[in-house]
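Some notes on the structure that comes next.
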Amino acid sequence: MAKLTKENLKIVDLDVKDIRFPTSLGLHGSDAMHTDADYSCAYVTIRVSQGTEGHGLVFTIGRGTEVVVKAIRSMAYLVEGESAIDIYKNFAQFWRTLTSESQLRWIGPEKGVIHLATAAIVNALWDLWAVLLNKPLWRLLVDMDPEQLISTIDFRYITDVITKEEALNMLKDAQSHKESRITELQSNGYPAYTTQVGWLGYSQDELETLCHKYLDLGFTAFKIKVGQNLENDINRCTIVRSIIGWDKQLMVDANQIWDVNQAIEWMKQLAQFKLLWIEEPTSPDDILGHATIAKALKPLGIGVASGEMICNRIMFKQFLQAEALEFCQIDSCRIGGVNEILAVYLMARKFGVKVCPHAGGVGLCEMVQHLQMWDYVSLSKSMDGRIIEYVDQQHEHFVNPVIMKNAKYQAPTAPGYSTTFTKNTIEKYEYPTGTEWQSMFAKGLFPTPKMN
667 MAKLTKENLK IVDLDVKDIR FPTSLGLHGS DAMHTDADYS CAYVTIRVSQ
717 GTEGHGLVFT IGRGTEVVVK AIRSMAYLVE GESAIDIYKN FAQFWRTLTS
767 ESQLRWIGPE KGVIHLATAA IVNALWDLWA VLLNKPLWRL LVDMDPEQLI
817 STIDFRYITD VITKEEALNM LKDAQSHKES RITELQSNGY PAYTTQVGWL
867 GYSQDELETL CHKYLDLGFT AFKIKVGQNL ENDINRCTIV RSIIGWDKQL
917 MVDANQIWDV NQAIEWMKQL AQFKLLWIEE PTSPDDILGH ATIAKALKPL
967 GIGVASGEMI CNRIMFKQFL QAEALEFCQI DSCRIGGVNE ILAVYLMARK
1017 FGVKVCPHAG GVGLCEMVQH LQMWDYVSLS KSMDGRIIEY VDQQHEHFVN
1067 PVIMKNAKYQ APTAPGYSTT FTKNTIEKYE YPTGTEWQSM FAKGLFPTPK
1117 MN
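Residue numbering for the sequence shown follows our numbering, starting at 667 and increasing by one per position.
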């Protein structure tokens, strides 16, 4: 590869596409709140002058993806013309440039559509960096010295909980025996649990078939969706326990459907099934509500998990301060990309809260595996009580999809963040012009969208 310079790493183009998959046809991804998800993403490609590309995405579930796409386009001017070298030299400052643009931040700040747009751009920049250095992203992070990694994080608004100096010391303390942990990871992978068995729209036959399938694949932890009908939830939990037994872990996810007291009472009825956690029992913005639920369910041995809809590091800070989470579920696309996620890992480490990433969707499994592997090697030094969600959908659309073996994520070896779509996928599923969408419109499976 030619020498990397400011000039040949000048960002010359930022492109974004609306990519959607018709998952609602099979009720894949269905839960108590989101009954007809079409797994989708806003897909960003950043190209530098010497030709290398970085790819990033932010997960959506159909309608609204076009809004995120427009937000990304509104931010493109902040990226195009910049040198990737300058960005990576002071990534925390560039991240703040994206999140603090004096007018765009008004429609956030650091939350909602504008923050999703930030995540897509930032994810593409990290993919580009890893590709340029010919490393998978987890290895790029692991190989950084603590000072360099800290330089990528914006600590504004969280220094009352963790300072740069504290974070630096945590990373330095984790330097010993890194190579042995890398060897362990590369040899045995990272443990996963499956949500594939438990979509709320699946029939009893599908539920039973999938439980047997994933048991045979070696999974020892299962999660199902709950929250629409208590009698149905009890029946489904009964079925799952009858198949997986009582020595396996079982978790449930309400996807924000309940009020606080309703969550407590509902979970008392499900406590008989020996549940590890209840995920998103109420509004993702209700920090004190989560804390109330966590306190009420602790005597029952049920933890509270949340994070996929927690919108930024400040909210995570307060969830941790309020002891509202036993399991912290970072999401690779909900908050502002890798930089902000690293801050959440560091805070969770200080509070002694285990990180169990949210995954599934489009590309989430591909991305979070890198983050959790970095955590094991360079921060927590442990997999005990930690586990990554796995959903077996949409992986075939990626050039470097996740590899699962014995219910464990295998350490990626290809350069990048595992976020590059195949050319064929883009041609088929770009919305609304892709060949598959045009075919489905013609068949009447979906209404033809009105073009603005």
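We treat Cβ as the ideally placed atom computed from N, Cα and C, and that holds for glycine.
Predicted model only: the values in this text are computed from it and were never measured.
Taking the CA atoms as reference points, aspartate 702 sits about 46 Å from aspartate 839. C-alpha of tryptophan 804 to C-alpha of tryptophan 792: approximately 11 Å in a straight line. In the same chain as histidine 1036, and ignoring 5 residues on each side of it, the C-beta atoms closer than 6 Å to its own belong to Leu803 and Trp804, in chain order. Isoleucine 1054 is bridged by DSSP to Ala858.
Taking 8 Å as the cut-off, the Cβ atoms of isoleucine 996 and valine 970 do not count as close. Here glutamine 1059 is near threonine 689, since their CB atoms are less than 8 Å apart. For glutamine 1060, the three-state secondary structure derived from DSSP is coil. Bounds of any alpha helix (DSSP H) do not take in cysteine 977, whose DSSP letter is neither H nor E.
Contact check for serine 706 against isoleucine 727 passes: the beta carbons are separated by less than 8 Å.
Non-local beta-carbon contacts of asparagine 674 in its own chain, meaning distances under 8 Å to residues more than five positions away in sequence, involve Ala668, Val714, Ser715 and Gln716 in chain order. Annotation note: the region 699–761 contains the following uninterrupted beta strand (DSSP E) runs of length 3 or greater, listed N- to C-terminal: 706–714 and 719–726. The C-beta distance from glutamine 862 to leucine 876 rounds to 6 Å, short enough to fall under 8 Å. Here methionine 1106 is not bridged, per DSSP, to any residue. For alanine 708, the number of other beta carbons within 10 angstroms of its own is at least 16, and it is reported as buried. If you draw a straight line from the Cα of isoleucine 677 to the Cα of alanine 796, it is about 16 Å long. Valine 682 has its alpha-carbon roughly 15 Å from the corresponding atom of histidine 781. Your pair threonine 765 and glutamate 776 checks out as a contact, with CB atoms roughly 5 Å apart and the cut at 8 Å.
Inter-residue distance for isoleucine 1053 and phenylalanine 1112 is about 37 Å (C-alpha atoms, whole angstroms). DSSP lists Pro857 and Lys1071 as the bridge partner or partners of lysine 1074. Scanning its chain for C-beta atoms nearer than 7 Å, with the 5 sequence neighbours on each side dropped, one finds around histidine 878 the residues Ile909, in chain order. Here isoleucine 959 is not near valine 918, since their CB atoms are 8 Å or more apart.
Note on the region 883–971: whole alpha helix (DSSP H) runs with a minimum of 4 residues are 896–910, 926–936 and 953–963, in chain order.
Scanning Ser1048, Gly955, Asp951 and Pro1023 for the CA closest to the CA of asparagine 978 turns up Asp951. In the three-state reduction of the DSSP assignment, arginine 1015 falls in the helix class, which pools H, G and I. Note: aspartate 681 is bridge-paired with Thr711 in the DSSP secondary-structure output. In this structure methionine 1117 is exposed. Its beta-carbon is surrounded by fewer than 16 other beta-carbon atoms within 10 angstroms.
Less than 8 Å divides the Cβ of valine 735 from the Cβ of aspartate 684. In the DSSP assignment, valine 1021 is bridged to Cys994. Contact between the region 1093–1110 and the region 811–821 is absent: fewer than 3 CB-CB pairs across the two stretches fall below 8 Å. The residues Asp793, Ala796 and Val797, in chain order, have a CB closer than 6 Å to that of glycine 1082 in the same chain once the five nearest residues on each side in sequence are set aside. Per DSSP, asparagine 1090 is one residue of the alpha helix (DSSP H) stretching across 1089–1095. When the beta-carbon positions are compared, methionine 699 and isoleucine 848 stay at least 8 Å from each other.
In the DSSP assignment, tyrosine 1042 falls within the alpha helix (DSSP H) that extends over 1030–1044. With contacts defined by Cβ atoms closer than 8 Å, phenylalanine 885 and arginine 907 do not form a contacting pair. In its chain, beyond the 5 residues on either side, Thr861, Gln862 and Gly1026 have a beta carbon closer than 6 Å to the beta carbon of valine 1057.
The Cβ-Cβ distance between valine 1004 and lysine 844 does not fall below 8 Å.
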